[in-house]
Amino acid sequence: MNSEKTQRGLTNILLLDSPFFDFVSKCDRIGPEFACVGLFQIPNYSFAMERIRIFGWSRLLTAGLFACMSFVLGCSRDDSGSADDRSEANASMTVTLRGETAGSRAVAPTTDPELTALEEAENALKNVTVFVFNNNGTLDKKHQFSTTGLTETITGLLAGPKKVVVLANVPSGVVFPDGIGYDWFADAANVIELGTQEVATNGLFMSGEGTVTLVADQTAAATVSISRLVAKVKLGTVKIEPDAGHDASKFVLDKVMIMKARGSATMGIPTVAYTPDLFYGGMAGTKSTAKDYLTEDIAADDYANRYFYVLPSDDDDKNTTLLTLAGTYDGEPVYYPFRINDKIGTDGQTSDGTYIKRNTGYVINVTLKRLGSGSSDPEVPADPASLTVTVEPQAWETDLIQNVEW
């Protein structure tokens, strides 16, 4: 390579001030010119960077929108090479990350500042790992950004078509092999465990991918949207309106729990697949292994703001995830299990019957009428004909609404 004819490609970052990050900027001289780049972060994690010119600011979006990261990968090479010469290119990326803290996982805050803090925590990036794969699925470069204030650099990208995989808040137990290939993510053995999805420690795992073609002596842009792997299920309202023959004075409501939650799932690259025959629940059941993070104490006058993070679930194996209320009637244990988003709405209802999707919120409003006819099994829902369901598809921050009746 003739060094006198070679221009070194250099990409730096300007990190604008936001609720999550500090201002960072850097410019470097390339020959007679200065190269500066811009990066901005908003609660859905938009990043941008480009060689030579500065990107503009984007308005701050409402916290809780789908998590999204956009960034530019730059490359350069010997300008004396042929158009299809895949010689090594140089790119750099400098980022400062600051994590957020959170309150209780299963009881949502009730004041605006606490709600804001929870929303920020659900959007926080505590670590980011970027994989750049060649078009055949082999690894070009991998880089991880880990803790607050850590500055990292990625260099040595090759020109050509790429698959870009971005993972955020990767649990510490996940180990990526040397020479990882794109197909590794589709392997059913490589999963995210439900128990790792806790905002106060790990943050909520997010993933996404995109494509980009890196061209010699040019800067290519790739926008990659990342979203949470989990869904959020919240108990909305609980109304006790006993039918004739059902005595409200004999009924005590004491718990809300998730049953038959999927225990693990692949990372969503390219799609999400849950682990078969692995179920967790707020109590032990025929299918479920008990996990204390899937149950919360409630009462008839104290049930608001309980929520749980769950992995995506369908009903292909007839074992979809359930929200279950538990109590006693006349001293005997009774359960009221409900399927989540299991029907297509009619008469103006907007439910879509897709069960539980990633990065989606579900609010379950329950009306209990037949108090004495609860199930004896927390994993056996009521006859579907007895349920009234309304679901309104919306973004995470406003949730899907479902009204159910027992």
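For the sequence shown, the working numbering gives the first residue as 547, with consecutive numbering after it. Even glycine gets a Cβ: it sits at the ideal position worked out from N, Cα and C.
Option nearest residue i by Cα separation, candidates the options
i	options	result
I491	A777, G809, G725 and G899	Lying before the first or after the last residue shown, residue 491 is absent from the chain, which here runs from 547 to 952.
V776	G756, V745 and E755	V745
E668	T817, I815, N680 and N905	N905
E925	G741, V761, D843 and F825	F825
T832	N851, V856 and A807	A807
Y853	D847, Y839, D863 and K864	Y839
G791	S922, P927, R916 and L664	R916
V779	E666, L664 and N851	N851
A845	A768, L704 and K801	K801
R774	I786, S795, I815 and A705	I815
G828	I804, T821 and D763	I804
E755	G683, E660 and K837	G683
K709	I786, V856, T769 and L868	T769
A767	G706, P822 and F751	G706
Y908	F884, D843 and S922	F884
T759	I772, N680 and A819	N680
L1030	K903, G809, L868 and T870	With the chain represented from 547 up to 952, any question about residue 1030 goes unanswered, as that position is not in the structure.
G702	A762, N736, L661 and I738	A762
V720	V737, Y728, D686 and E842	V737
T841	L869, D724, A819 and S922	L869
F731	V818, D686 and D823	V818
Y849	F751, A735 and I786	I786
Y728	D876, L704 and D686	D686
K796	Y855, P659, D876 and T913	D876
D863	T821, A663 and L664	T821
E878	D847, A735 and S922	S922
Cut-off 7 angstroms between Cβ atoms - residues of its own chain near residue i, not counting five sequence neighbours on either side
i	result
V798	G873 and T874
Y901	S859, D860, D861, T866, I886, N887 and D888
P788	A794, K915 and L917
T830	Just to set this straight, residue 830 is Ala in the shown sequence, not Thr. Here the set comprises A836.
K903	A777 and P858
P927	L868, P883, F884 and R885
Same chain only: Cβ atoms within 6 angstroms of residue i, ignoring 5 sequence neighbours per side
i	result
E579	Caution applies to E579, whose pLDDT of 41 falls short of 50 and renders its modelled position unreliable; the value that the coordinates give is listed next. Closer than 6 angstroms at Cβ, skipping near neighbours: no residue.
G920	V880, Y881 and Y882
Q690	T675
T835	Y826
L871	V802 and Y882
According to DSSP, residues forming a beta bridge with residue i
i	result
E755	V711
N680	K708
F854	V779
S921	Y881
L685	F679
S859	I902
L760	G706
D744	Checking the sequence shown, residue 744 turns out to be Glu, not Asp. Its beta-bridge partners are G749.
Y728	Y728 pairs with nothing; no bridge assigned.
D848	A845
I815	In DSSP, I815 forms no bridge with anything.
T835	Y826
Chain-order list of residues whose beta-carbon lies under 8 angstroms from that of residue i (same chain, five-residue window excluded)
i	result
D733	T812
K688	T675, V676, F677, V678, F722 and I726
N748	K672, N715, P717, S718 and T742
S753	V711, V712, L713, A714, I772, S773, L775, M813, G814 and I815
F751	L713, A714, N715, V716, P717, I738, T742, Q743, R774, L775, V776 and M813
D843	D800 and K801
Bounding residues of the beta strand (DSSP E) (the contiguous stretch that carries residue i)
i	result
L775	Segment: none, L775 is in no beta strand (DSSP E) and carries neither H nor E.
E842	T841 to D843
S810	S810 to T812
K801	F797 to M805
F825	F825 to G827
T913	G907 to L914
P879	E878 to R885
L869	L868 to Y875
E787	Premise fails: E787 is in no beta strand (DSSP E) and is neither H nor E.
I738	V737 to E739
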